[in-house]
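Enquirer: When the letters of the sequence shown are read in order and numbered with this note's numbering, they come out as residues 649 to 948.
Glycine included, each C-beta is placed from N, C-alpha and C at the ideal position.
The structure that follows is given in the form of structure tokens.
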Amino acid sequence: MYVITGATSRTGSVVANYLIEKGEPVRVLGRNAERLATFAKKGADVFVAEPADQAALTKAFAGAKAVYVMLQPNYIATSNDFRAFQDRNMDAIMPALEKAKVKYAVSLSSWGADQPEGTGPVAGLHRLEQRLNRIVGLNVLHIRPGYFMENTLSQVDTILARNTAAGPFSHNVKFPFIATRDVGLAAGEALLKLDFQGKQIRELHGNQDLTMLEIAAIIGEAIQYPGLTYVQDSKERSRQDLLDLNFSEHIIQLILEVADAMNAGHIQMLEPRSADNSTPISYERFVSETLLPLYKLKKQ
């Protein structure tokens, strides 16, 4: 049986559905049985557990052929110590994997996870990789995707409010944008094949490297606003915008640290782009299928 942690997340749901569609036995983990109900209807075994409950995770992992391991969520807006939250979850996951004698795991990591610090919440994924690597007998594949296209969905509100795309990122630095669906499919395929041994890393660069100016132009064409551009906000503006959304000072600091790291190249891919690490969904397709419908809904 395959065990999927974070099964209701963007990537976890894709992993679970992929394996279910392949006819594989799947156990989905989450905190809310109602949100997992759609998987139950497809034949999956539903297991409700808190992410920091070691005993429950040990039971959930029992008999697993392989586990999809992720830390969820990416951040908690009101948290005052997100590192501690990440570590509490890892303190439950690692012994659970050991006690259940799991032999294979695919972890959701991130570009920038090679760096131990200076990367905001991504530093927690560095620790995740290191701790998984220390488990004797566990074959683990760390998937390091680039910057999620879904992170640009927040631009819809910005465009509607300010008639421009905006954020803390440099306007002319190229980032490897990737759709979470492509990440989930890559993880699902890796779990199905289980053709990795030891401790391995796989980078996923997405379909194309793009600047925020290029992102804005693609959005502008889709929403019929050909003059749409992108403005890099000051840290003060970005901080105030997040405060207005009730983010804690701690989380704001982590978010701005990520932006600084991406702008400066502290977060970057280690491999050159290739056919093996590129994925099919383009940003144009993502905008057409996901961002544009959201824009139309909010513009009503």
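Can you tell me the Cα-Cα spacing of residue 652 and residue 884, whole angstroms?
Expert: Taking the sequence shown and counting its residues from 1, one reaches residue 652 at position 4. Taking the sequence shown and counting its residues from 1, one reaches residue 884 at position 236. Between residue 652 and residue 884, the C-alpha separation is close to 40 Å.
Enquirer: Tell me where the beta strand (DSSP E) around residue 695 begins and ends.
Expert: Taking the first residue of the sequence shown as position 1, residue 695 is located at position 47. From DSSP, the beta strand (DSSP E) with residue 695 extends over 693-696.
Enquirer: Relative to the C-alpha of residue 834, which residue among 847, 928, 741, 735 is closest?
Expert: Taking the first residue of the sequence shown as 1, we reach residue 834 at position 186. Checked all of 847, 928, 741, 735; the closest Cα to residue 834 is 928.
Enquirer: Contact defined as beta carbons within less than 8 Å: I believe residue 815 pairs with residue 881. What is the distance between those atoms, to the nearest angstrom?
Expert: Start at 1 with the first residue of the sequence shown, and residue 815 comes out as number 167. Start at 1 with the first residue of the sequence shown, and residue 881 comes out as number 233. Contact flag correct, Cβ pair sits at about 6 Å.
Enquirer: Which ranges does the beta strand (DSSP E) cover as unbroken runs of at least 3 residues, wholly within the region 795-850, from first to last along the chain?
Expert: 813-815, 823-826
Enquirer: When you compare only the Cα positions, how much space is there between residue 709 and residue 866?
Expert: For the purposes of this step, residue 709 is taken as the residue at position 61 of the sequence shown. For the purposes of this step, residue 866 is taken as the residue at position 218 of the sequence shown. The alpha-carbon atoms of residue 709 and residue 866 are separated by roughly 43 Å.
Enquirer: What's the call for residue 699, buried or exposed, on a 16-neighbour Cβ count within 10 Å?
Expert: Position 51 of the sequence shown, counted from the first residue, corresponds to residue 699. With 16 or more Cβ atoms within 10 Å of its Cβ, residue 699 is classed as buried.
Enquirer: Check this for me: beta carbons of residue 829 and residue 791, under 7 Å apart or not?
Expert: Taking the sequence shown and counting its residues from 1, one reaches residue 829 at position 181. Taking the sequence shown and counting its residues from 1, one reaches residue 791 at position 143. Not in contact: residue 829 and residue 791 (Cβ atoms no closer than 7 Å).
Enquirer: In angstroms with no decimal places, state the Cα-to-Cα distance between residue 854 and residue 831.
Expert: The residue you call residue 854 lines up with position 206 of the sequence shown. The residue you call residue 831 lines up with position 183 of the sequence shown. Residue 854 and residue 831: Cα-Cα distance of roughly 9 Å.
Enquirer: When the distance is taken between beta carbons, is residue 753 closer than 7 Å to residue 705?
Expert: Translated into the one-based positions of the sequence shown, residue 705 becomes position 57. Translated into the one-based positions of the sequence shown, residue 753 becomes position 105. Not closer than 7 Å, so no.
Enquirer: Mind checking which residues open and close the alpha helix (DSSP H) that includes residue 867?
Expert: Counted from its first residue, the sequence shown places residue 867 at position 219. Run containing residue 867: 860-870, per the alpha helix (DSSP H) assignment.
Enquirer: Can you tell me whether residue 920 is buried or exposed, with buried defined as 16 or more other CB within 10 angstroms of its CB?
Expert: In the sequence shown, residue 920 corresponds to position 272, counting from 1. By the 10 Å Cβ count, residue 920 comes out exposed.
Enquirer: So, helix, strand or coil for residue 857, using DSSP?
Expert: Residue mapping note: residue 857 aligns to position 209 of the sequence shown, counting from 1. Note: residue 857 maps to strand in three-state DSSP.
Enquirer: Leaving out five residues before and five after residue 878 in sequence, what residues of the same chain have Cβ atoms less than 6 Å from its Cβ?
Expert: Walking along the sequence shown from the start, residue 878 turns up at place 230. Once the five neighbours on either side are set aside, the close Cβ partners of residue 878 are 813, 819, 860, 861, 864.
Enquirer: Between which residues of its own chain and residue 1002 is the CB-CB distance below 6 Å, once the five residues before and five after are set aside?
Expert: With the chain running from 649 to 948 in the structure shown, residue 1002 is simply not present.
Enquirer: Check whether the region 756-769 and the region 933-940 are in contact - that is, three or more C-beta pairs closer than 8 Å.
Expert: no
Enquirer: Taking Cβ to Cβ, would you say residue 725 is nearer than 7 Å to residue 899?
Expert: One-based indexing of the sequence shown puts residue 725 at position 77. One-based indexing of the sequence shown puts residue 899 at position 251. Closer than 7 Å, so yes.
Enquirer: Under 7 Å, do residue 757 and residue 777 count as touching if we go by C-beta distance?
Expert: By 1-based counting over the sequence shown, the position of residue 757 is 109. By 1-based counting over the sequence shown, the position of residue 777 is 129. Taking 7 Å as the Cβ cut-off, residue 757 and residue 777 qualify as a contacting pair.
Enquirer: DSSP state of residue 708, grouped into three classes?
Expert: The count along the sequence shown starts at 1 and reaches residue 708 at position 60. Correct three-state label for residue 708: helix.
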